[in-house]
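To convert, count from 1 in the sequence shown and add 175; that's my numbering.
Even glycine gets a Cβ: it sits at the ideal position worked out from N, Cα and C.
Predicted model only: the values in this text are computed from it and were never measured.
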Amino acid sequence: MTDDARPVWVLGGGGVTGIAWEVGVLAGLADEGVTVAPEAVLIGTSSGAVVGAQITSGMSLGELYDRQRQGVAHETSNALGFLDLLRLARAQLFARSPEQAARRLGRLALATPIPDPSQHRRTAEARLPGHTWKDADLRIVVVDAESGDRRAFTRHDGVSLVDAVAASCAMPLSTAPVTIDGHRYMDGGMRSTLNLDLAPGIGPVVALAPSTAAIGPWARIAKQRATLGQSRRVEVLLRDPASRRAQGTNVMDNCVVPALVAAAREQGRREASRVAAALGTISHS
176 MTDDARPVWV LGGGGVTGIA WEVGVLAGLA DEGVTVAPEA VLIGTSSGAV
226 VGAQITSGMS LGELYDRQRQ GVAHETSNAL GFLDLLRLAR AQLFARSPEQ
276 AARRLGRLAL ATPIPDPSQH RRTAEARLPG HTWKDADLRI VVVDAESGDR
326 RAFTRHDGVS LVDAVAASCA MPLSTAPVTI DGHRYMDGGM RSTLNLDLAP
376 GIGPVVALAP STAAIGPWAR IAKQRATLGQ SRRVEVLLRD PASRRAQGTN
426 VMDNCVVPAL VAAAREQGRR EASRVAAALG TISHS
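As structure tokens, then:
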């Protein structure tokens, strides 16, 4: 298989519940024999960056599932309030490009005092079974809070895995941007919660999208899907009704994680045949 034809897994952002949903879906897919191939490219954004680092850590999906099922006491349940969400929405209003929107969001992020910025890194450490990059093509999407440019960290960049994941999860107004090599980086979801259009090559793409929120027209899943070409095999998984009910309305609610990851596992089992078809493999179902 050439590098261009490798399968690509795109893991989107969606808060604490996004981590649980993606782990559950992946566990359910694995139950049916559909797994992430060692040669696959993984693109992780925000909670998807966490999941990408988890599944390449060497810990099995069964073990990762059990960690979620037992509860995630290290997570906080603080969600942004209505006024903060309004500030984020206003910053994006009439932006003509993802970089312009990100620069506006970055100004908010850089100007917001955070009482204990080190807590975010401690949470990132607790989320990860291992703190070193493994031999996998994991690409963690972040956004420069000053320039608005996106970047994807890999194991070749000499950046701490914990710092890369923490930066990709650094949501403006709730978390301070993470400084790496003199740059201040924030949540990769400030470009797109999915970043489906970053899938390289011509190989099949499977995308897990716990959130469909779009910062601007460029971030809409349908628009990003179109950039990959109609002939390319692309399968996008969204939360099914059972997962939505289990999640509730607060994507940062750690109390719903055990029930959500179980519902997501059932969804993964049901979705296995169509994901296998997209990848050109065979599931057990």
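* To do: State yes or no: is the C-beta of ARG414 within less than 9 Å of the C-beta of VAL380?
  => no
* Which one or two residues does DSSP pair with VAL247 in a beta bridge? -> VAL247 is not bridged to any residue.
* To do: Verify whether the separation of the beta carbon atoms of VAL247 and VAL337 is less than 9 Å.
  => no
* Could you name the residues that DSSP lists as bridge partners for ASP170? => Coverage of the chain is limited to positions 176 through 460, which leaves residue 170 absent and any answer about it impossible.
* **Element boundaries [beta strand (DSSP E), containing THR402]** => Run containing THR402: none in the beta strand (DSSP E); it sits in the alpha helix (DSSP H), 396 to 402.
* With a 10 Å radius around its C-beta and 16 neighbouring C-beta atoms as the bar for buried, classify SER406 as buried or exposed. => exposed
* Which residues mark the beginning and the end of the beta strand (DSSP E) in which LEU383 is found? -> 380 to 384
* **Sufficient close CB pairs (3 or more, under 8 Å) joining the stretch 366 to 383 to the stretch 345 to 356** => no
* What are the boundary residues of the alpha helix (DSSP H) that includes ARG325? -> No alpha helix (DSSP H) holds ARG325; the beta strand (DSSP E) holding it covers 325 to 328.
* Asked: How far does the alpha helix (DSSP H) with GLY193 in it reach, from first residue to last?
  -> 190 to 206
* With LEU435 as the anchor, note down where its alpha helix (DSSP H) starts and where it stops. => 432 to 454
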